[in-house]
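Accompanying notes for the structure given below.
Protein chains in written order, with our numbering: chain A, 1 to 932; chain B, 1001 to 1111.
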């Protein structure tokens, strides 16, 4: 029987039980038929013959059963035997075992760690009752639907076929879907925007993430409150007393785990709410990665928002009521995310079909009453078990890059251990030859060798799980930027364990297969003789070892080039000229608007803050702006410029409200005219300062002084006169070059100045002034919390989350790969030196200088390294194109990166070969020749 | 039929199968009949012990099997000795002869 057929029979034995059974049936049947034939030929009639035959058989089923038992027993027996033998072999070679297990543990551990992140981000379901029953509704349209006047929440390009996709619905649509359908046990909703509000509890001011939810939200999700009660449908009306459910972590960290919290009052945006209950510890809301602190009934949302009114004039009285009513009554205001829980036995498609009718009817009515019907939205749905997909969308690509990186590490580990096994196969050659000559089948030996490698992988996997925990912690530590509210529970669950077991088995087979085949392919007569090292098969094996080492070099080069490119990108972004001074600038934000500050009170608040902070020891100057310099969002508008733009033409610009001293404090140079100051207030003419980019875009070379930036419509213009030009400075994004920007005095746009980020320039370490700062802020108004206290350098760092993640993690894994390659190369060269001991001995006996031998070994190692580098460079040149969108001012084929990585690998290669080469140099010709 | 058939030792049956197949490939029923024949009716292997033994020997790699056609034109599975089976037949035969001789001597000995 050919070898190929043996392998097939092994596989069919393991995987295709039914075919074996089928074969056995046929065999037993054929026996029976032959027996009947025999009886008939002895003179019995067919019926009697069959009876007699069956009696002689003694039960067809029992026969089959016994054969199956024998086969299963043999297989199990073999497995137990192989395991015992494997363990003994591994125990007898502790050095080899330790290196192999450690290598595999690093590879498997890195993969387990990354997979646990993938699991938490991409696979983890909401911690609610039967999450598979949840459906998330969305709609798509070709472009912005004309019936939608106002949209809150996410709207984005539809990844499948362009157009528009959003999860926000109007209240009337939600109500129609909730009451109209029969496929759902519950249809519930929550505001698409979760915003941070100022809360006061026991006189302390704090900021909390607040999620307005419909009355049936908790019931629909199936979330119980361990303390108190959830929000109920009866809470969700304008007349009901205001209540809130607080999250477990809010209860523990902000309320001091007080058992009597239920029934107490918490003030959110000056609206007093009664705490109704505490949510369970694992429940974070419906948006993975974001932890809600406070759930309030939907009907409180407009009231909370009135206090916020981040832009536009604040409304009071009747106007405010009208604005609030818009949320309930205006079908053009789309602001609710809607989810449903399917009744048992109903499919998503059936349920959607039912609600489609209701949705389309609502759209139809709205289109008729609004007299506009472009880009009609179409109802869609998706499984809601994992909640909203913002986190998944944001991280799927970075995770893909990381999965590839750790995949490379694992491949390197596999190649490494395969190389070790091959080298060891030479040492075991005699053992295997003896066993083959004693009649062991080759397949059986391969099976046993594979058992050994799977055993190694299993041990590596176990240790890998341990490593994975450290890796995860390291991962979080490497990526953490100190500020981000990023809650991601990473734990080793069954899915992760299954994954680890799976890759351990796979790696075991992957690295074990080639060595097992190679080890058992030998010429017995040659192998049984001592000097087998020079056999043809031996050289075939060493070719394989060489290929494996070069492959490791190539794979690690791929990883290191990626890491290098990401590192260069990060460096470029960290040192990119900002247009202002980056050092010794402290930032913090306040939202006095949330506490009801308006008009002159607001202006006074800012003036007070500025003057008080300005005199804190260590502060050299202080200012504020509507957005912090980098990573604080942006605002943009379009203006017309009389005398410059034509009727329909408008100029797009980014805008920023700034306090007095903004340009001096940040260090943005004044180029023409003057900058803004405290006298540019409501009573003074409205003025603006523009940057160079805007000057070039709107005015070409002409002087912009005295020109008018006109906001608003032709009927109700709001004009600002340009009084100065300043240097270009980055705005929000580090990657984008400074956009055309106009700066306005906060005093001339107080309506929009309800929240500000303060910029404090310090003489020394910015963190030193923080305590004094907090005192002064509390002196001005202790109910206004300060948020996001950080230095500009930290702010820049946190805006570079992905860049840092890419460069640190690929760098870390690249380093890991480098260590593995070093070990692999060292092991391989040691093996070659051991194999060539007598050749080296002969050379030296014939007068070769030891230095010559040293050089020879180094050259061999270098050859392998260079071969790997060449292949790796070609691969990297093809692969880096895939990450070019993540790079900044670094070409995908950046010569500096490619050359330095290649040089690094050559250096590491030489280092790894140094010890074996030294050993070769010290070979004693006499000993070496006697060895032969 | 004597009591000997009931106590057919496993090792004995394996050796008899190897011996039988040493004469040439055969199918299950053929092997049973040939064993019966060469032991002059002393051994009469039943399918319940014959098939497990055949499969065990095949799993050990001593036998190989393939489908063929029997003398009365029925499809039947034919077994034959492999190289390692033939080697084992020799060692097992030698072993058996040693044991048989020893037992014979022991039984012949008079106190």
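All C-beta atoms in this analysis are idealised placements derived from N, C-alpha and C, irrespective of residue type, glycine included.
Check each residue of the region 1014–1040 of chain B: if its Cβ is closer than 8 Å to any Cβ of chain A, include it; give the result in chain order.
-> 1027, 1028, 1029
Proximal chain B residues relative to residue 444 of chain A, where beta-carbon distance stays under 8 Å = Position 444 of the first chain, counted from the first residue, corresponds to residue 444 of chain A. Near residue 444 of chain A (Cβ distances below 8 Å), the residues of chain B are 1061.
Minimum C-alpha distance to residue 675 of chain A - residue among A:690, A:250, A:681 | For the purposes of this step, residue 675 of chain A is identified with residue 675 of the first chain, where counting begins at 1. Looking at the Cα atoms, A:690 is the closest of the given residues.
Helix, strand or coil at residue 167 of chain A according to DSSP, with G and I counted as helix | In the first chain, residue 167 of chain A corresponds to position 167, counting from 1. Coil.
Exposed or buried, which one is residue 311 of chain A when buried takes at least 16 other CB atoms within 10 Å?
-> Position 311 of the first chain, counting from 1, holds the residue named residue 311 of chain A. Because residue 311 of chain A sits at a pLDDT of 36, beneath the cut-off of 50, its placement in the model cannot be relied upon, and the point is left open.
Inter-residue Cα distance where the pair is residue 549 of chain A and residue 858 of chain A = On the first chain, residue 549 of chain A is found 549 positions in, with the first residue counted as 1. On the first chain, residue 858 of chain A is found 858 positions in, with the first residue counted as 1. One C-alpha to the other measures close to 15 Å.
Residue 244 of chain A burial status per 10 Å Cβ neighbour count (16 or more: buried) = Locating residue 244 of chain A in the first chain gives position 244, where the first residue counts as 1. It is buried - the Cβ of residue 244 of chain A has at least 16 other Cβ atoms within 10 Å.
Same chain, Cβ closer than 6 Å to residue 146 of chain A, neighbours up to 5 away in sequence not counted = Taking the first residue of the first chain as position 1, residue 146 of chain A is located at position 146. Counting only Cβ-Cβ distances below 6 Å, and skipping sequence neighbours, we find 372, 374.
Of all the alpha helix (DSSP H) runs that stay within the bounds of the region 1034–1110 of chain B, which reach a length of 4 or more residues?
-> Fully enclosed alpha helix (DSSP H) runs of 4 or longer: 1047–1060, 1083–1108.
If you draw a straight line from the alpha carbon of residue 301 of chain A to that of residue 198 of chain A, how long is it in whole angstroms?
-> Within the first chain, numbered from 1, the residue matching residue 301 of chain A stands at position 301. Within the first chain, numbered from 1, the residue matching residue 198 of chain A stands at position 198. Their Cα atoms are separated by approximately 14 Å.
Residue-chain proximity (residue 71 of chain A, chain B), Cβ-Cβ < 8 Å | As a working note, residue 71 of chain A is residue 71 in the first chain. Yes, because at least one Cβ of chain B sits closer than 8 Å to the Cβ of residue 71 of chain A.
Under a CB-based cut-off of 8 Å, is residue 1047 of chain B close to chain A?
-> Taking the first residue of the second chain as 1, we reach residue 1047 of chain B at position 47. Chain A, which has a Cβ nearer than 8 Å to the Cβ of residue 1047 of chain B, makes this yes.
How would you list, in chain order, the residues of chain B whose beta-carbon sits under 8 Å from the beta-carbon of residue 37 of chain A?
-> Along the first chain, one-based indexing puts residue 37 of chain A at 37. Ordered by position in chain B, the residues that pass the 8 Å Cβ test against residue 37 of chain A are 1072, 1074.
Beta-bridge partners of residue 712 of chain A, as assigned by DSSP | For the purposes of this step, residue 712 of chain A is taken as residue 712 along the first chain, with counting starting at 1. Its beta-bridge partners are A:717.
Note down the Cα distance separating residue 658 of chain A from residue 695 of chain A, rounded to an integer number of angstroms.
-> As a first step, residue 658 of chain A must be located in the first chain, where it is residue number 658. As a first step, residue 695 of chain A must be located in the first chain, where it is residue number 695. Distance between the alpha carbons of residue 658 of chain A and residue 695 of chain A is about 19 Å.
Output yes or no for whether 8 Å exceeds the beta carbon distance between residue 358 of chain A and residue 107 of chain A.
-> Taking the first residue of the first chain as position 1, residue 358 of chain A is located at position 358. Taking the first residue of the first chain as position 1, residue 107 of chain A is located at position 107. Their beta carbons are not under 8 Å apart, which means residue 358 of chain A does not touch residue 107 of chain A by this criterion.
CA-to-CA distance, residue 750 of chain A to residue 681 of chain A, given in whole angstroms | Translated into the one-based positions of the first chain, residue 681 of chain A becomes position 681. Translated into the one-based positions of the first chain, residue 750 of chain A becomes position 750. Using only the alpha carbons, I get a separation of about 9 Å.
Quick one: what's residue 652 of chain A bridged to in DSSP?
-> In the first chain, residue 652 of chain A corresponds to position 652, counting from 1. DSSP, once it has assigned bridges, lists A:638 as partnering residue 652 of chain A.
For residue 435 of chain A, return the contacting residues in chain B, with the cut-off set at a CB-CB distance below 7 Å.
-> As a first step, residue 435 of chain A is located in the first chain; it is residue number 435 there, counting from the start. Ordered by position in chain B, no residue passes the 7 Å Cβ test against residue 435 of chain A, which lies about 12 Å from the chain.
What residues of chain A sit near residue 1051 of chain B, judged by a beta carbon separation below 9 Å?
-> Walking along the second chain from the start, residue 1051 of chain B turns up at place 51. What residue 1051 of chain B touches in chain A: 24, 27, 28, 31, 63, 64, 66, 67, 70.
Residue 688 of chain A beta carbon less than 8 Å from that of residue 753 of chain A = Taking the first chain and counting its residues from 1, the one referred to as residue 753 of chain A is at position 753. Taking the first chain and counting its residues from 1, the one referred to as residue 688 of chain A is at position 688. Their beta carbons are not under 8 Å apart, which means residue 753 of chain A does not touch residue 688 of chain A by this criterion.
Cβ neighbours of residue 455 of chain A in the same chain (closer than 6 Å, five flanking residues each side left out) = The residue labelled residue 455 of chain A in the question sits at position 455 within the first chain. Taking C-beta separations shorter than 6 Å and ignoring five residues to either side along the sequence, the partners of residue 455 of chain A in its chain run 86, following chain order.
Three-state secondary structure assigned by DSSP to residue 182 of chain A = The residue labelled residue 182 of chain A in the question sits at position 182 within the first chain. The answer is coil: DSSP assigns residue 182 of chain A none of H, G, I, E or B.
With burial defined as no fewer than 16 other Cβ atoms inside 10 Å of the residue's Cβ, what is the status of residue 698 of chain A: buried or exposed?
-> If you number the first chain from 1, residue 698 of chain A lands on position 698. Label assigned to residue 698 of chain A: buried.
Under the three-state reduction of DSSP, which class applies to residue 572 of chain A: helix, strand or coil?
-> As a working note, residue 572 of chain A is residue 572 in the first chain. Of the three classes helix, strand and coil, the one that applies to residue 572 of chain A here is helix, per DSSP.
Do you know how far the Cα of residue 287 of chain A is from the Cα of residue 212 of chain A?
-> Translated into the one-based positions of the first chain, residue 212 of chain A becomes position 212. Translated into the one-based positions of the first chain, residue 287 of chain A becomes position 287. Separation of residue 212 of chain A and residue 287 of chain A (C-alpha to C-alpha, rounded to the nearest whole angstrom) is 13 Å.
Could you tell me if residue 1006 of chain B is buried or exposed, where buried requires 16 or more neighbouring beta carbons within 10 angstroms of its beta carbon?
-> The residue given as residue 1006 of chain B occupies position 6 in the second chain. In this predicted model, residue 1006 of chain B has a pLDDT of only 42, less than 50, meaning its place in the structure is not dependable enough to derive any value.
Buried or exposed by the 16-neighbour rule on C-beta atoms within 10 Å, applied to residue 400 of chain A | As a working mapping, residue 400 of chain A is identified with position 400 in the first chain. Per the 10 Å Cβ criterion, exposed.
Any chain A beta carbon closer than 8 Å to residue 1056 of chain B | Position 56 of the second chain, counted from the first residue, corresponds to residue 1056 of chain B. Interface residue (Cβ-Cβ distance to chain A less than 8 Å): residue 1056 of chain B is classified as such.
Which of the three DSSP states, helix, strand or coil, is assigned to residue 520 of chain A?
-> Within the first chain, numbered from 1, the residue matching residue 520 of chain A stands at position 520. Helix at residue 520 of chain A.
Counting only beta-carbon atoms, is residue 57 of chain A nearer than 8 Å to chain B?
-> Position 57 of the first chain, counted from the first residue, corresponds to residue 57 of chain A. Closer than 8 Å to some Cβ of chain B, the Cβ of residue 57 of chain A qualifies, so yes.
Less than 8 Å separating the beta-carbons of residue 588 of chain A and residue 788 of chain A?
-> Counting from 1 along the first chain, the entry for residue 588 of chain A is found at position 588. Counting from 1 along the first chain, the entry for residue 788 of chain A is found at position 788. Contact: yes.
Could you confirm whether any beta carbon from chain A is found closer than 8 Å to the beta carbon of residue 1077 of chain B?
-> If you number the second chain from 1, residue 1077 of chain B lands on position 77. Chain A contact via Cβ: present.
Chain-order list of residues whose beta-carbon lies under 7 Å from that of residue 496 of chain A (same chain, five-residue window excluded) | Locating residue 496 of chain A in the first chain gives position 496, counting from the first residue. Answer for residue 496 of chain A: 112, 115, 116, 119, listed in chain order.
State buried or exposed for residue 796 of chain A, treating a residue as buried only when at least 16 other CB atoms are found within 10 Å of its CB.
-> Sequence index remark: in the first chain, residue 796 of chain A carries index 796 (1-based). Residue 796 of chain A comes out buried.
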